[in-house]
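Structure first, then comments.
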(Lines of atoms letter the chains of each structure in order from A and count residues from 1; the text may use other names and numbers.)
(Lines give C-alpha, C1' and ligand atoms only; values in the text may rest on other atoms or scores of the structure.)
Protein backbone atom coordinates (compact mmCIF):
# COMPACT_ATOMS: atom_id res chain seq x y z
CA UNK A 1 0.00 0.00 0.00
CA UNK A 2 2.81 2.41 0.91
CA UNK A 3 5.27 0.94 -1.61
CA UNK A 4 4.45 3.59 -4.21
CA UNK A 5 4.90 6.52 -1.76
CA UNK A 6 8.38 8.01 -1.71
CA UNK A 7 10.37 7.39 1.44
CA UNK A 8 10.80 11.12 2.22
CA UNK A 9 7.07 11.72 1.99
CA UNK A 10 6.40 8.83 4.35
CA UNK A 11 8.78 10.43 6.85
CA UNK A 12 6.93 13.73 6.46
CA UNK A 13 3.56 12.04 7.06
CA UNK A 14 4.94 10.31 10.13
CA UNK A 15 6.19 13.61 11.51
CA UNK A 16 2.80 15.25 10.91
CA UNK A 17 0.98 12.37 12.61
CA UNK A 18 3.46 12.56 15.50
CA UNK A 19 3.02 16.32 15.88
CA UNK A 20 -0.78 16.20 15.66
CA UNK A 21 -1.36 15.32 19.36
CA UNK A 22 1.02 18.10 20.35
CA UNK A 23 -0.89 20.58 18.18
CA UNK A 24 -4.17 19.42 19.69
CA UNK A 25 -2.75 19.88 23.19
CA UNK A 26 -1.51 23.38 22.31
CA UNK A 27 -4.89 24.31 20.83
CA UNK A 28 -6.59 23.05 23.97
CA UNK A 29 -4.22 25.08 26.17
CA UNK A 30 -4.84 28.20 24.05
CA UNK A 31 -8.58 27.65 24.29
CA UNK A 32 -8.37 27.27 28.07
CA UNK A 33 -6.25 30.42 28.35
CA UNK A 34 -8.81 32.33 26.26
CA UNK A 35 -11.57 31.09 28.56
CA UNK A 36 -9.55 32.11 31.63
CA UNK A 37 -8.86 35.55 30.12
CA UNK A 38 -12.55 36.02 29.33
CA UNK A 39 -13.45 34.89 32.85
CA UNK A 40 -10.99 37.39 34.35
CA UNK A 41 -12.51 40.18 32.26
CA UNK A 42 -15.99 39.23 33.46
CA UNK A 43 -14.80 39.15 37.08
CA UNK A 44 -13.14 42.58 36.69
CA UNK A 45 -16.32 43.98 35.13
CA UNK A 46 -18.43 42.60 37.99
CA UNK A 47 -16.00 44.03 40.55
CA UNK A 48 -16.21 47.45 38.89
CA UNK A 49 -20.01 47.25 38.88
CA UNK A 50 -20.05 46.30 42.58
CA UNK A 51 -17.65 49.14 43.47
CA UNK A 52 -19.71 51.64 41.45
CA UNK A 53 -22.93 50.44 43.06
CA UNK A 54 -21.45 50.58 46.57
CA UNK A 55 -20.10 54.09 45.88
CA UNK A 56 -23.52 55.25 44.72
CA UNK A 57 -25.21 53.63 47.72
CA UNK A 58 -22.72 55.28 50.08
CA UNK A 59 -23.30 58.66 48.42
CA UNK A 60 -27.08 58.19 48.62
CA UNK A 61 -26.87 57.23 52.29
CA UNK A 62 -24.68 60.26 53.00
CA UNK A 63 -27.15 62.58 51.27
CA UNK A 64 -30.08 60.94 53.04
CA UNK A 65 -28.31 61.33 56.40
CA UNK A 66 -27.48 64.97 55.61
CA UNK A 67 -31.11 65.86 54.94
CA UNK A 68 -32.85 63.47 57.37
CA UNK A 69 -34.00 66.33 59.63
CA UNK A 70 -35.14 68.61 56.81
CA UNK A 71 -38.08 70.91 57.56
CA UNK A 72 -41.01 70.37 55.19
CA UNK A 73 -41.90 74.07 55.60
CA UNK A 74 -38.34 75.36 55.06
CA UNK A 75 -39.28 77.39 51.97
CA UNK A 76 -42.18 79.05 53.80
CA UNK A 77 -40.10 79.90 56.86
CA UNK A 78 -36.68 80.69 55.42
CA UNK A 79 -37.24 81.97 51.87
CA UNK A 80 -40.77 83.32 51.56
CA UNK A 81 -40.21 85.36 54.74
CA UNK A 82 -37.36 87.39 53.20
CA UNK A 83 -38.23 91.09 52.97
CA UNK A 84 -37.29 92.49 49.59
CA UNK A 85 -35.88 95.94 48.73
CA UNK A 86 -35.85 97.14 52.35
CA UNK A 87 -33.73 100.28 51.63
CA UNK A 88 -36.22 101.48 49.01
CA UNK A 89 -39.17 100.74 51.31
CA UNK A 90 -37.65 102.78 54.14
CA UNK A 91 -36.90 105.64 51.76
CA UNK A 92 -40.44 105.63 50.35
CA UNK A 93 -41.94 105.60 53.85
CA UNK A 94 -40.07 108.79 54.67
CA UNK A 95 -41.20 110.44 51.44
CA UNK A 96 -44.81 109.33 51.89
CA UNK A 97 -44.89 110.87 55.34
CA UNK A 98 -44.24 114.31 53.84
CA UNK A 99 -47.56 115.83 52.76
CA UNK A 100 -45.95 118.49 50.60
CA UNK A 101 -44.51 115.99 48.09
CA UNK A 102 -46.01 116.65 44.65
CA UNK A 103 -45.93 113.05 43.42
CA UNK A 104 -47.09 111.59 46.72
CA UNK A 105 -49.71 109.32 45.12
CA UNK A 106 -47.13 107.56 42.92
CA UNK A 107 -44.90 107.11 45.95
CA UNK A 108 -47.73 105.55 47.96
CA UNK A 109 -48.63 103.25 45.06
CA UNK A 110 -45.05 102.06 44.74
CA UNK A 111 -44.79 101.56 48.49
CA UNK A 112 -48.01 99.56 48.51
CA UNK A 113 -46.64 97.30 45.79
CA UNK A 114 -43.35 96.72 47.60
CA UNK A 115 -45.08 95.95 50.91
CA UNK A 116 -47.87 93.73 49.63
CA UNK A 117 -47.21 92.74 46.02
CA UNK A 118 -43.47 92.19 45.76
CA UNK A 119 -43.32 89.06 47.93
CA UNK A 120 -41.69 85.68 47.47
CA UNK A 121 -44.44 83.13 46.96
CA UNK A 122 -43.80 79.62 45.64
CA UNK A 123 -46.39 77.23 44.30
CA UNK A 124 -45.93 73.45 44.42
CA UNK A 125 -46.12 71.44 41.21
CA UNK A 126 -46.64 67.73 40.76
CA UNK A 127 -45.20 65.63 43.58
CA UNK A 128 -43.24 62.53 42.54
CA UNK A 129 -42.68 59.77 45.09
CA UNK A 130 -39.97 57.11 45.05
CA UNK A 131 -39.15 54.48 47.70
CA UNK A 132 -36.42 56.76 49.07
CA UNK A 133 -37.47 60.37 48.52
CA UNK A 134 -40.17 62.75 47.37
CA UNK A 135 -39.57 65.37 44.67
CA UNK A 136 -41.55 68.57 44.21
CA UNK A 137 -41.18 71.37 41.68
CA UNK A 138 -41.43 74.76 43.40
CA UNK A 139 -42.09 77.74 41.11
CA UNK A 140 -42.40 81.43 41.90
CA UNK A 141 -46.01 82.52 41.45
CA UNK A 142 -44.78 85.75 39.85
CA UNK A 143 -41.39 87.40 39.19
CA UNK A 144 -40.05 89.48 42.07
CA UNK A 145 -37.93 92.62 42.26
CA UNK A 146 -34.71 92.09 44.19
CA UNK A 147 -31.46 93.89 44.87
CA UNK A 148 -28.03 92.31 45.24
CA UNK A 149 -28.47 91.66 48.97
CA UNK A 150 -31.83 89.95 48.40
CA UNK A 151 -30.31 87.75 45.71
CA UNK A 152 -27.43 86.70 47.97
CA UNK A 153 -29.79 85.85 50.82
CA UNK A 154 -32.16 83.85 48.60
CA UNK A 155 -29.34 81.84 47.01
CA UNK A 156 -27.70 81.24 50.39
CA UNK A 157 -30.94 79.73 51.72
CA UNK A 158 -31.33 77.57 48.59
CA UNK A 159 -27.74 76.40 48.12
CA UNK A 160 -27.00 75.92 51.82
CA UNK A 161 -23.77 77.93 51.78
CA UNK A 162 -22.67 81.30 53.14
CA UNK A 163 -22.95 84.00 50.49
CA UNK A 164 -21.81 87.49 51.39
CA UNK A 165 -23.04 88.17 54.91
CA UNK A 166 -25.87 85.61 54.69
CA UNK A 167 -25.84 82.16 56.26
CA UNK A 168 -27.93 79.17 55.14
CA UNK A 169 -31.01 78.22 57.13
CA UNK A 170 -31.19 75.22 59.45
CA UNK A 171 -32.94 71.96 58.50
CA UNK A 172 -32.73 72.68 54.78
CA UNK A 173 -34.08 70.05 52.36
CA UNK A 174 -32.08 69.27 49.25
CA UNK A 175 -32.90 71.95 46.69
CA UNK A 176 -31.65 72.33 43.13
CA UNK A 177 -32.16 75.42 40.97
CA UNK A 178 -33.54 74.14 37.66
CA UNK A 179 -34.45 77.49 36.14
CA UNK A 180 -33.33 81.02 37.00
CA UNK A 181 -33.97 84.18 35.00
CA UNK A 182 -32.49 87.48 36.15
CA UNK A 183 -33.12 90.73 34.26
CA UNK A 184 -31.72 94.10 35.25
CA UNK A 185 -34.64 96.47 35.75
CA UNK A 186 -33.26 99.77 36.98
CA UNK A 187 -30.89 101.51 39.38
CA UNK A 188 -32.52 102.75 42.58
CA UNK A 189 -30.54 104.77 45.12
CA UNK A 190 -27.21 103.51 43.77
CA UNK A 191 -28.47 99.90 44.01
CA UNK A 192 -29.28 97.76 41.00
CA UNK A 193 -32.75 96.26 40.98
CA UNK A 194 -33.35 92.97 39.16
CA UNK A 195 -36.43 91.06 38.11
CA UNK A 196 -36.05 87.46 39.30
CA UNK A 197 -37.94 84.38 38.19
CA UNK A 198 -37.05 81.07 39.79
CA UNK A 199 -37.91 77.37 39.72
CA UNK A 200 -36.58 74.81 42.20
CA UNK A 201 -36.52 71.06 42.62
CA UNK A 202 -37.11 70.20 46.28
CA UNK A 203 -36.17 66.68 47.38
CA UNK A 204 -37.20 65.28 50.78
CA UNK A 205 -35.91 61.91 51.96
CA UNK A 206 -38.10 59.41 53.72
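Numbering (our numbering), first residue to last: 11 to 216.
Backbone N, C-alpha and C fix where the C-beta goes; we use that ideal spot for every residue, glycine too.
Inspect the beta-carbon positions of residue 162 and residue 176 and report whether they are closer than 8 angstroms. For this step, residue 162 is matched to residue 152 along the chain shown. For this step, residue 176 is matched to residue 166 along the chain shown. Against a cut-off of 8 angstroms, the Cβ pair of residue 176 and residue 162 comes out as a contact.
How close, in whole Å, do the beta carbons of residue 137 and residue 94 come, if the pair is a contact with beta carbons under 8 angstroms? Looking up residue 137 in the chain shown gives position 127. Looking up residue 94 in the chain shown gives position 84. No, residue 137 and residue 94 are not in contact; Cβ-Cβ is about 28 angstroms, not under 8 angstroms.
Between which residues of its own chain and residue 35 is the CB-CB distance below 8 angstroms, once the five residues before and five after are set aside? Residue 35 sits at position 25 when you count from the first residue of the chain shown. None.
Have a look at residue 124 and residue 85 and give me their C-alpha separation to the nearest angstrom. Locating residue 124 in the chain shown gives position 114, where the first residue counts as 1. Locating residue 85 in the chain shown gives position 75, where the first residue counts as 1. The straight-line gap from Cα to Cα measures roughly 20 angstroms.
Pick out whichever of 207, 52, 169 has its Cα sitting closest to the Cα of residue 180. On the chain shown, residue 180 is found 170 positions in, with the first residue counted as 1. Ranking 207, 52, 169 by Cα distance to residue 180 puts 169 first.
Alpha carbon to alpha carbon, what distance is there between residue 117 and residue 134? The residue you call residue 134 lines up with position 124 of the chain shown. The residue you call residue 117 lines up with position 107 of the chain shown. Going by the C-alpha atoms only, they are around 34 angstroms apart.
So if DSSP puts residue 149 in a beta bridge, which residue, or which two residues, is it bridged to? Within the chain shown, the letter at position 139 stands for residue 149. DSSP, once it has assigned bridges, lists 133, 209 as partnering residue 149.
Thinking C-beta only, is residue 130 closer than 8 angstroms to residue 100? For this step, residue 100 is matched to residue 90 along the chain shown. For this step, residue 130 is matched to residue 120 along the chain shown. Against a cut-off of 8 angstroms, the Cβ pair of residue 130 and residue 100 comes out as no contact.
Quick one: what's got a C-beta closer than 6 angstroms to residue 209's C-beta in the same chain, skipping five residues either side? Walking along the chain shown from the start, residue 209 turns up at place 199. If we look at residue 209 and ignore the five residues flanking it on each side, its Cβ neighbours are 149, 188, 189.
Given a cut-off of 8 angstroms on the beta-carbon distance, is the pair residue 154 and residue 206 in contact? Reading the chain shown from its first residue, position 144 is the one you call residue 154. Reading the chain shown from its first residue, position 196 is the one you call residue 206. Cβ atoms of residue 154 and residue 206: closer than 8 angstroms.
Residues bridged to residue 92 (per DSSP): Mapped onto the chain shown, residue 92 falls at position 82. None; residue 92 has no bridge partner.
Please classify residue 166 as buried or exposed, where buried requires at least 16 neighbouring CB atoms within 10 angstroms. Translated into positions along the chain shown, residue 166 becomes position 156. When all chains shown are included, residue 166 counts as buried.
Output yes or no for whether 8 angstroms exceeds the beta carbon distance between residue 92 and residue 201. Position 82 of the chain shown, counted from the start, is the residue given in the question as residue 92. Position 191 of the chain shown, counted from the start, is the residue given in the question as residue 201. Not in contact: residue 92 and residue 201 (Cβ atoms no closer than 8 angstroms).
Cβ shell of residue 80 (< 8 angstroms), same chain only, five flanking positions each side left out: Counting from one through the chain shown, the residue named residue 80 turns up at place 70. 181, 182, 183, 184, 214, 215.
From this set, 120, 88, 87, which residue's C-alpha is nearest residue 103's C-alpha? To locate residue 103, count along the chain shown from 1; it is residue 93. Looking at the Cα atoms, 120 is the closest of the given residues.
Tell me the rounded alpha-carbon separation between residue 53 and residue 39. Along the chain shown, read from residue 1 onward, the residue named residue 53 stands at position 43. Along the chain shown, read from residue 1 onward, the residue named residue 39 stands at position 29. When rounded, the distance between both Cα atoms is 21 angstroms.
Could you tell me which residues DSSP pairs with residue 155 in its beta bridges? The residue labelled residue 155 in the question sits at position 145 within the chain shown. Note: residue 155 sits in a beta bridge opposite 205.
Cα-Cα separation, residue 152 to residue 74: Translated into the one-based positions of the chain shown, residue 152 becomes position 142. Translated into the one-based positions of the chain shown, residue 74 becomes position 64. If I take the Cα positions, the gap works out to 32 angstroms.
Going straight from the alpha carbon of residue 41 to that of residue 143, what length do you get? Taking the first residue of the chain shown as position 1, residue 41 is located at position 31. Taking the first residue of the chain shown as position 1, residue 143 is located at position 133. Each residue's alpha carbon lies about 50 angstroms from the other.
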